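For reference, the structure is listed below as structure tokens.
2 protein chains.
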Amino acid sequence: MLDALFKPRSVAIIGASNNPLSIGHIVMQNLLDHNFKGPIYPINPKSKFIKSFRAYTSVSEIPDEVDLVNISIKNTLVPYVLEDCGKKGVKFAIVHTAGFKEVGEEGLQLERQIVEIAHKYGMRIYGPNSQGIQNSDPAISVYANFTFVPMSPGNISIVAQSGGVGETLKLHLYRIGKGIRMYSSFGNEADVSMNEIIDYYGQDEETKVIMVHIETMKDPAGFLEVASRVTQKKPILALKTGKTSEGAVAVASHTGSLMEQDTLTEVIFKKAGVLRFHSQEDMIDAAVAFANQPVPPGDRVVIVTNTGGPAIIAVDECISAGLKMAKLSAKTKNTLKKLVFQEAIVSNPVDVVATAGPEQYGGTVEALLKDPNIDSVLLVFVTAPFVDCEGIARKLGELGKTADKPIVCQVMTIEKWQEVIRLIRASGIPVYDFAETAARTLASMTQYGQIQQRPTPTFVTFRKQKKKVEVILSKHKKEFFLSQQDVYDILSAYGIPAAKTVKVTKDKDLAKVAKEVGYPLVLKVDSESIVHKSDVGGVALGIKDESVLLSVHKKMAKKFAKHKPDFILQEHLTGGKEVIMGLKGNVGLEPTVMFGLGGVFVEVLKDVEFRLAPLSEEDAIEMIQSIKGYPILKGTRGEKPVDIDAVVDMLIRLSQLGTDFPQLDEMDLNPVFVFPKGKGAAVVDARIKLKSL
Amino acid sequence: MLDALFKPRSVAIIGASNNPLSIGHIVMQNLLDHNFKGPIYPINPKSKFIKSFRAYTSVSEIPDEVDLVNISIKNTLVPYVLEDCGKKGVKFAIVHTAGFKEVGEEGLQLERQIVEIAHKYGMRIYGPNSQGIQNSDPAISVYANFTFVPMSPGNISIVAQSGGVGETLKLHLYRIGKGIRMYSSFGNEADVSMNEIIDYYGQDEETKVIMVHIETMKDPAGFLEVASRVTQKKPILALKTGKTSEGAVAVASHTGSLMEQDTLTEVIFKKAGVLRFHSQEDMIDAAVAFANQPVPPGDRVVIVTNTGGPAIIAVDECISAGLKMAKLSAKTKNTLKKLVFQEAIVSNPVDVVATAGPEQYGGTVEALLKDPNIDSVLLVFVTAPFVDCEGIARKLGELGKTADKPIVCQVMTIEKWQEVIRLIRASGIPVYDFAETAARTLASMTQYGQIQQRPTPTFVTFRKQKKKVEVILSKHKKEFFLSQQDVYDILSAYGIPAAKTVKVTKDKDLAKVAKEVGYPLVLKVDSESIVHKSDVGGVALGIKDESVLLSVHKKMAKKFAKHKPDFILQEHLTGGKEVIMGLKGNVGLEPTVMFGLGGVFVEVLKDVEFRLAPLSEEDAIEMIQSIKGYPILKGTRGEKPVDIDAVVDMLIRLSQLGTDFPQLDEMDLNPVFVFPKGKGAAVVDARIKLKSL
């Protein structure tokens, strides 16, 4: 419960000062400028008054209860004042002060110490090295933050890991006259976490949209849990920065597993139904629409314009963003034809032409809102000097207030027609400067509509021999790469089909085993110390008969003598399409499942798709359909489709194996041959890497 | 010469009126509001005065010379007044009036008629169905346009096919206080063309940047010629709308060859060095930077910030846009370390931290501008309340005025620090709201720098038997698809290597010819009426010996009996990587050359690259390197590279064939086998379609 943080009944400012350049002064001024609805207690041992407020030397002196303190004194002094706060019964301490975890080991110790002190008294730490919080609720109006963008009430709540990014988001909402609900930039996240804040926003009835900025997720599992819950009620718009390796280096100084960080974010967002944005501006533009517009039931957009060119841009952008141009119903077309001027074009885009007045433009939008073939409406409106532009705006505003489909708008105008923008915006219709923006925004809303309408996922559980895998893995506490025999036994235990594979230990008769497997066959060296077998000549394909087998075996045995290897014989499958599947263990989270086309498709084109386990049937199908090479599996130029059902089945089994055994660090099934529809699929080579738990 | 259009000494307004909602009135008002520096003559047969101006019943009545007339009377009356104008010696007529080509055949006739009348008198038509022109040159100040965005002087000139898009561009420059030089939205382009206007802007010394909006290119060859010339002196920024097929349908009602339109635009832009943008906002943002900043000599950017998060966004975006993070020289690092606060990070991004004042922030930028390892500078600046922000802005402004490297800036601030933005902008440094914008803009400038530095292209001319091809093609005036024999003869005449291919006419001994070609070989049916041979079973691969050959031949002869086909024998090449090459004839322009990887790469992934002929060596190399699958040709996972030189050679020969013979409508070399480095390449199947010229 973060009520005492976001809805404090009283605030004390430790480090309050008459120096207008100090953080303590600025926070106090912000609270005053925004008419905080509770008492403010400046704490300063040296000054008797801060502004016109009586100052206290310590929190303990304050005669009343204190919910929240803002601390901006020297880092090493923070523990001492926290003891006072704890004793006083303060509930939350916003620590603005820097010089903690971010400066190294000593700071980290200090950070741990302050959390410990706080928890001893049941107090919570917000920060340290944090900007602060804001809540525009008129009953509270708390601006416990040292930034400068003025606050006004709204229904968008923001939580930003970077204060600079948070400030940019606030700034642009402010510039277009859009208020916010709550704001938070939480610094080092030593105690109060981003996930708690998102959860809190999720429960806040006045918050309609949540904007999140993330650099690194401290608790991915917690985020997944909270975000999955919240996105069912309201949209979460997220910006993850540090995407490129260079950007990630700027976030932290380690370069390891950078792309993994981003892939993990991506799969978590997908699973949780979080809308990812790739620019601050796009996220702000979308937030403004979500704040006041209904979510579209489908992807069919209609464009209405009174000037041609920008509507074409809107079409280009809608289509590029995945929307469909709605086909107007015959009824709507009839209505419009009676309504608009003769030069108008009754199609999609509907061009009512520049001479259209309130009756033509407004009437057109009214008719389109009633058309069941239309899910969303994009307006392009230039204030033509020869028509009643305010009349059009008034009419659009009226329609906007009651429409059950989203309406977004590009308006081209100057100061002279300010009222036009005001009238349209007042109805909740967002007004953008560019048709591109309006189109992209509708696409985001449509995407959220699809997320909300996702069918309940179908989770299939297969018969599996979990015990058998437990036994195999229990042998391998210290080893990293499993032997081929173990790998194929694990696949078999979970019903993942593989090419017939038999281990030939030294005591066995190679030729006899080969007969069982059948020619042509593949001979593979099998040793835990040889990982990339084919790269070192440890795989021989297409062995036709016994004499070839014996000669190849002899050479290989000699070559790898120092490894004292066993050997594997495998039936030589051909004629399938190569795909790859994989599993990557995550810390504190279910593993990531990977799927792609094999060979150059993965190596050169990186045409792979990731999802977080557990995979539902829908997830697996979506994964397969998401790769660019999907048409190859579906069959191009008269080729037969491959057995996609078999791939779905394998992906789900792989996902279950991953969720059952967190010690599976990496699993590569590469290649898997997929045969024509109905003929199944089979793993041809596989590798499993374990980690110690 | 468009001087009398863009620098008219006098303007007459045919259709001038006292009705404030009429086009004539609005144009006249615009001229007056912007203090046009010449006489204005309203023409109206019914009113004696328009505003306080004496009106004339006809142009012929005007006692002085008239350079330009604006016409906004009924379409059918336009021819009559044009006769008057012609007799009077008017030089240009801007026809605002609609109801010409855009309304169908009758309008088209009317349009032709007015051009004819004009040309009879040596007069030019601008439009019809046009918005008009503007020139902000203080010595002229002509706003002969019926739009509403106020004009102020600047060095960006705009030409927009869509008036709505043109207006959007003007509007946003106006909003950020940026002036323009000239503006033009030319309507139906019946006479004065977009290309002439671009050429005129190119010659205008005060125009530093040209922004172009195109829906359909009327004269692609002319555009290529003009744009290639102009981009050597100044950047052309272009937006081509109607990109998606839906968008293109909205442009015109035909759906044929839509993607071709866009591909053609793309190759023309590439050849001419035009910078293509995909949103109005991106183009405006870039124009503002080009207007006042030098072009960067290279791609190494440094980022300076006083707040962390937005700088990370800047890094992400710079890298995504193809820039490189500059490595500071040791000297610069030393200078900076002495200059900045201890908490600052001297790396790239340089984080001077929020407490940095003019000395720290300004000094840092000063030092970086001197570093030879740096080509461009991106600043992120938040107006921290506790430092001298105006001081920083003043210092940045001073540096901006003399810097020989481009500087762009994101500023995060509110009204209170308006002066900060003013000071920075006054120096010519563009100020953006988002780090993303600043980064993308630098990337565009860097791209233009690379275009300007393109080495003089190396054009190689091969020995070729042009005469031989002429003879072959002269036989085929009416035919469309060439026979295989002709195709291979043409390839051979231009030195394009192909698998050994021999035609077997009915009189020849199949087995004997086969021996010449050598086994294994390929048998192909050869008839001008069978185009997609392999799809209909007209190709047999890997024929091992004579008996197989004779049996396959018998079957095929029976199958295609009604075509009375000849046959082709071809050596059966294997072991090469499949690529495809192609040629597509353009009307009035050199053909487009295509290159890509074969098979699913082209069919599923559309991994192909286009360039306009003639190809220089550099073009051919760039084409090959541009495809996503290029690593496959270069050799992945220890594979040897293929013979890329041979591919370059073939592409250039193909390009020469295309430029020599415009009657080649389509040419597909698919597949071409490319062998390992040094082993060459060979066409394995080819198809040529002719068109009548």
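Protein chains in written order, with my numbering: chain L, 16 to 708; chain X, 16 to 708. Ideal Cβ placement from N, Cα and C applies to all residues, glycine included. Here the structure is a predicted model, which is why all the values come from computation and not from measurement.
Taking a cut-off of 8 Å for Cβ pairs, the stretch 154 to 165 of chain X and the stretch 205 to 223 of chain X do not touch, as fewer than three such pairs fall below it.
CA-to-CA, the gap between L672/L and A336/L works out to about 36 Å. E230/X places its beta carbon less than 8 Å from that of Q176/X. For A696/L, the three-state secondary structure derived from DSSP is strand. A straight line joining the alpha-carbon of T428/X with that of R440/X spans about 14 Å. DSSP places Y376/L within a helical segment (H, G or I) once states are collapsed to three. Secondary structure note for E211/X: its alpha helix (DSSP H) is the uninterrupted segment 209 to 218.
C424/X is bridged by DSSP to L394/X, V446/X. At a cut-off of 8 Å, the C-beta of V446/L has no neighbouring C-beta in chain X. Of all residues in the stretch 121 to 154 of chain X, none comes within less than 9 Å of chain L when Cβ atoms are compared.
Taken through DSSP and simplified to helix, strand or coil, V546/X comes out as coil.
Neighbours of V397/X in chain L, taken as residues at a C-beta separation under 8 Å, are given in chain order as G179, E182. DSSP places R409/L within a helical segment (H, G or I) once states are collapsed to three.
At a cut-off of 8 Å between beta carbons, S459/L makes no contact with chain X. In the structure shown, the three-state DSSP call for T516/X is strand. Using a 10 angstroms sphere on the CB of G590/L, the tally of other CB atoms stays under 16, which defines it as exposed.
DSSP places V105/L outside both helix and strand once states are collapsed to three, so it counts as coil. Judged by beta-carbon spacing, C424/L lies beyond the 8 Å limit of I407/L, meaning their Cβ atoms are not closer than that value.
According to the DSSP secondary-structure assignment, T607/L is paired through a beta bridge with K599/L, L627/L. One alpha carbon belongs to L666/X, the other to L536/X, and they sit about 26 Å apart. Cβ-Cβ separation between A508/X and V484/X: approximately 5 Å, consistent with a contact (criterion under 8 Å).
The C-alpha of A242/X is placed about 32 Å away from the C-alpha of A27/X.
Between the alpha carbons of G178/X and G202/X lies a distance of about 8 Å. Proximity of chain L to L343/X at the Cβ level (cut-off 9 Å) is not reached, the minimal Cβ distance being about 14 Å. When C-beta distances to chain L are compared with 7 Å, the residues of the stretch 30 to 59 of chain X below that value are L36, I41, in chain order. Taking C-beta atoms as the reference points, D658/X and G693/X count as a pair closer than 8 Å. Around P472/X, the same chain offers S631, E633 as residues with beta carbons nearer than 6 Å, after the five sequence neighbours per side are excluded. Taken in chain order, the complete alpha helix (DSSP H) segments of 4 or more residues contained in the stretch 162 to 203 of chain L are 178 to 190. At a Cβ-Cβ threshold of 8 Å, L20/X and Y141/X count as neighbours.
Between E593/X and A454/X, the C-beta spacing is not below 8 Å. In this model, I466/L and P235/L are separated by some 20 Å (Cα to Cα).
The criterion of a C-beta distance shorter than 8 Å is not satisfied by I583/X and V617/X. Where P325/L is concerned, the enclosing alpha helix (DSSP H) starts and stops at 323 to 335. When secondary structure is reduced to three states using DSSP, N349/L falls in the helix class. Sequence-distant partners of S199/X (beyond 5 residues in either direction) whose C-beta falls short of 6 Å from its own C-beta, in its chain, are I148, V174, I212. Scanning its chain for C-beta atoms nearer than 7 Å, with the 5 sequence neighbours on each side dropped, one finds around L506/X the residues A513, V698, A701, in chain order.
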